[in-house]
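Anchor point for the sequence shown: position 188 equals 188 in full-length UniProt numbering, and the numbering is continuous, going up by one each time.
A virtual CB, placed ideally from N, CA and C, is assigned to each residue, including glycine.
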Amino acid sequence: MGKAFDFSLVWVYFPKLLAFLHITLFIVAASVILGVLIGLVVALPRLYGVPVLNRIVVVYISFTRGTPILIQMFLVYYGVPELLKAVGVDVSDVQPLVFVILTYALHFAAYFSEIVRSAVNAVDRGQAEAGYSIGMSGYYVLKRIVLPQAWRVAFPNVGNLIIGTLKDTSLAYTLGVMDVVGRAEMLGTTYHFLEIWIALSIIYYAIVLIVEYVYRLAERRINRFEGSAAAAHGV
């Protein structure tokens, strides 16, 4: 049982948790950047229907969607060193933070690849064919016609995925990573659990609101350019 609730302690714990926020944000940023790169590569076999690779990617995405990220984290943390040990690579000195980032990046990549695939497939094939008909190369069709439209379709879903990744990082402490949640667990020895978790919830909620606000601004900017293009063509 905890001690008697004292709301004033929320503001006492608040700065103590904020001191470790940069670690949480680093995990999110690194995971998203690495996840985007992996996701783009993973999306290619699905988009081009590469026989063997396509099946491997489907299993990877299905497994990622069908298992909790906590289990995936422990599989990476214990499994990757064993796999590398089999080829003579010792990673016993690697910090748990690396495995946490790798886990979230692979998790992000699976969902991101499906967002990319769906967004590209949402673009009318007739537009790409029109580009080919006037002599545009495959690269320019992708760059000038497909990707700009696919990006507008994918943009809101990517925002939701980033927010989901931010909230999922609350499990990083299970591998001993000292982020805001890890710090909250340590502060729990004071037995003022409710005050600590209220302070932590305020921090996460504030970050999510900031991300949502930035995304709304970016989305308005994208739609503004779309509206300008439509007006220029008399639509």
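At a cut-off of 4 residues, the continuous stretches assigned as alpha helix (DSSP H) that sit fully inside the segment 130 to 162 are 138 to 141. Of the residues assessed, Leu102 falls on the buried side of the cut-off, its CB having 16 or more other CB atoms within 10 angstroms.
In chain order, Pro45 place their CB closer than 6 Å to the CB of Leu53, counting only its own chain and leaving out the 5 sequence neighbours on each side. Here Ala154 has Ile115, Val116 and Ala119 as same chain residues with Cβ atoms under 7 Å from its own Cβ, once five neighbours each way along the sequence are excluded. Taking a C-beta distance under 8 Å as the contact criterion, Val180 and Ile163 do not qualify as a contact pair. Across the set Lys167, Glu185 and Leu84, the C-alpha of Glu185 shows the shortest separation from the C-alpha of Tyr173. In this structure the segment 129 to 137 does not touch the segment 61 to 73; the number of beta carbon pairs closer than 8 Å is below three. For His22, the secondary structure class from DSSP, reduced to helix, strand or coil, is helix. Here His192 really is in contact with Lys3; their C-beta atoms are around 6 Å apart, less than 8 Å. Contact between the segment 82 to 101 and the segment 27 to 37 is present, with at least three C-beta pairs closer than 8 Å. Looking only at Ala105, Phe14 and Leu70, the smallest Cα-Cα distance to Ala199 is reached by Phe14. Nearest neighbour of Trp197 by Cα position, chosen from Arg152, Gly182, Asn121 and Ala86, turns out to be Gly182.
The C-beta of Gln127 has fewer than 16 other C-beta atoms within 10 Å across all chains shown, which makes the residue exposed. Contact annotation: Leu187 and Phe5 have beta-carbon atoms that are not nearer than 8 Å. Remark: C-beta atoms of Leu84 and Val91 approach each other more closely than 8 Å. Rounded to the nearest whole angstrom, the CA to CA distance from Asn157 to Trp151 is 10 Å.
Here the alpha carbon of Leu106 sits roughly 10 Å from the alpha carbon of Val42. Under the DSSP assignment, Val91 falls outside any alpha helix (DSSP H); it carries neither an H nor an E label. The three-state reading of DSSP puts Met73 in helix, counting H, G and I together. Cβ-Cβ distances below 6 Å link Pro81 to Val91 in the same chain, with the five nearest sequence neighbours on each side left out; the list follows chain order.
Val211 and Lys167 have their C-alpha atoms spaced approximately 12 Å apart. Straight-line measurement puts the Cα of Thr190 at about 41 Å from the Cα of Leu217.
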